[in-house]
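Each remark here refers to the structure printed beneath this line.
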């Protein structure tokens, strides 16, 4: 007879809040093992006692049979003396000073729970907070670790006997599910509205909160169908909703929210509804139905019934499926094709997350509020993704993040080497921050544009929350070179800690390197709108040899004046006129093209004097400003209402036909740094406009030209240095057409090309690169 042995097993990764302890309990009983399992601040610990062959069988099953949402990074096994346990138990959680465990993101409602919500005989029929160990809120309700109900915002809800039985039943799907609840004991939903002409103010309706008929969700659906705007408290904050097919309602929402033209996200009940107005590929379908359920950019159909103002002058719609029972119930009652589900905030401010705050801040936009009493501890906006061609096998899985937040944050980027404890604070636009510790880089949820006190307060609140969750005491803070960014100013005001200033485009390249675990030098291509360079100019189309520690600038787009500084980012015509002035001289204003005919001559004379006198005209090598200039030249945008709008619309109109050719450019420069002049291109575009060549052809040839000079510079650097790895980063590479052209051509020349697929290429991913550079300069990499 085999003697009994006992093992201590320590599991690290996302192993709390995903049903891991119940899984271990069931697996131990399956193999006839005794012992215990518990959550601790550093992971899951267990001791298992039994015969050698049963212990071996348990360990063979441990990883492959783990819960779907679990992510196991490391398993450490130590033999300990047997103690004669006869049963297996889940023990009370243990806090360990200074230790941490990974936190699960919020997960969309699973099919089992949705089935219960829509089953009339089930006790959770129409209950909008149904969840189990496989789905539901995690990150947004966790106040501290270990992950137990008292340390979440569900702590105030005492489980009823039925829920408690489920929680304690090892065979139940809700065994140790911390947010477990039902209509008897859990959170409640209600609707409040402003009664016009009544001095009483907010009128509260609590009728049949989870019943068919005149319940609160049904009432909200009727209001939306009638053209009203309703503010809806969701998982990580509020949405502002209206009928996506009602043009008048959409325009009213835009006007009241102060969001002029930026596309609005929409939500439909199911894929059948989505496919009636948008094309859905297999990869896009997988993303829409994934446990993360992000917003996915989908190509509109020709006869799209969605209101034009949802995404004006855009061939794509940002679409998502319901990810909570509340959303699913609302869409089921609404009966329409889609609802606008845009962030519940006033433009440039953070999401509202509390009921009273939302009524105060959003009361001028929405007359009705669908509310609930499950508190949101930390805000988390919806994630946005776009599918890209699978042109780089193993290096790009077809997903490009435009915003990484709900469903993904705070899941870390894991490295194969250890890092110091560092905080990187990001830049200004699309801000996120990043903490590093051990092998993990914890990139935050989307914070937003750090341009006001409200967003800065949200940033500070989130930084403190991450520090508490992951038990991090940073020894350095990494920040952008730009002294005017609120993130930089905040970093500089943190006393008693080392500061590491990181050049913007170096951080972009380092971010993509970290995603792919690259430690050797690369050819880095970083292209975006604005980033302060080491020479004081505004960089934005940069080619470098880069490691985490340092970079050497090898080439850039030739400098041109940026008249008015930030004003040029909002008024692209300034860049168009500047490029034409440099390419054609003062007489460009008399050329027979639409741009010159609509040019305000007095405004141009003012801008020209700024250029000649070098007043408020920083030099720039920005790729974003180049795209702006061409977009305005083609009559797309002389002014923009949001960052990247002109470049996005230029991509939208570009013809899909191959073989159209490209324009001329010049590659010159001195001192070892090449400069790319596109003035010949502007001369040729003006000539084609005078000959009546279509905007679609010009836009496509422009994209071909940008790809041409980028490939030519990479070829030159590769030949000079012998480097064969090319890293592409920066907001310009959200442009799928340009990305596709570059991948095809660079791979054709034998380069190994690395793109982003874990964090955004835009400034939403830059904090990761800042953290890596800081670690390198602290001597850790």
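In the numbering used here, the protein residues as written are 449 to 1229.
We treat Cβ as the ideally placed atom computed from N, Cα and C, and that holds for glycine.
Within the region 1091-1139, the complete alpha helix (DSSP H) runs of at least 4 residues fall at 1093-1101, 1127-1138. Taking the C-beta atoms as reference points, residue 1055 is found no nearer than 7 Å to residue 1020. About 5 Å separates the Cβ atoms of residue 832 and residue 743, confirming a contact at the 8 Å cut-off.
Taken through DSSP and simplified to helix, strand or coil, residue 482 comes out as strand.
In the DSSP assignment, residue 947 forms a beta bridge with 925. Cβ-Cβ separation between residue 818 and residue 680: approximately 5 Å, consistent with a contact (criterion under 8 Å).
The three-state secondary structure of residue 993, taken from DSSP, is strand. Distance from the CA atom of residue 701 to the CA atom of residue 733, rounded to whole angstroms, is 29 Å.
The Cβ atoms of residue 1207 and residue 898 lie no closer than 7 Å to each other.
Distance from residue 777 to residue 576 at the Cβ level is roughly 6 Å; contact confirmed, criterion being Cβ atoms closer than 8 Å.
DSSP places residue 1200 inside the beta strand (DSSP E), whose first and last residues are 1200-1202. The three-state reading of DSSP puts residue 511 in coil, since its state is none of H, G, I, E or B. DSSP links residue 461 through a beta bridge to 520. Considering only 1152, 1135, 1100, 1178, the residue with the shortest C-alpha distance to residue 1071 is 1178. Using a 10 angstroms sphere on the CB of residue 865, the tally of other CB atoms stays under 16, which defines it as exposed. By the Cβ rule, the region 1100-1114 counts as touching the region 1150-1159, because three or more pairs are nearer than 8 Å.
Membership of residue 758 in any beta strand (DSSP E) is not indicated, and neither H nor E is assigned to it by DSSP. Secondary structure of residue 673 (DSSP, three-state): helix.
Under the DSSP assignment, residue 1187 falls in the alpha helix (DSSP H) whose first and last residues are 1184-1196. Residue state for residue 1142 is assigned as coil, using DSSP reduced to three classes.
DSSP places residue 959 in no beta strand (DSSP E) but in the uninterrupted alpha helix (DSSP H) bounded by 952-963. Closest option to residue 954, judged by alpha-carbon separation, among 966, 979, 943: 979. In the three-state scheme derived from DSSP, where H, G and I count as helix and E and B as strand, residue 896 is classed as strand.
Taking C-alpha positions only, residue 1173 is separated from residue 871 by approximately 28 Å.
Every unbroken stretch of the beta strand (DSSP E) spanning 3 or more residues and falling wholly within the region 835-890 is given here in chain order: 847-851, 861-872. A direct Cα-to-Cα measurement between residue 946 and residue 1224 gives close to 14 Å. In this structure residue 686 is buried. Its beta-carbon is surrounded by 16 or more other beta-carbon atoms within 10 angstroms.
Just so you know, the alpha carbons of residue 985 and residue 929 end up roughly 12 Å apart. The C-alpha of residue 782 is placed about 7 Å away from the C-alpha of residue 670. For residue 789, the closest of 770, 498, 807 by C-alpha to C-alpha distance is 770. For residue 747 and residue 729, the gap between their C-alpha atoms comes out near 10 Å. Secondary structure of residue 1043 (DSSP, three-state): helix. In this model, residue 529 and residue 997 are separated by some 48 Å (Cα to Cα).
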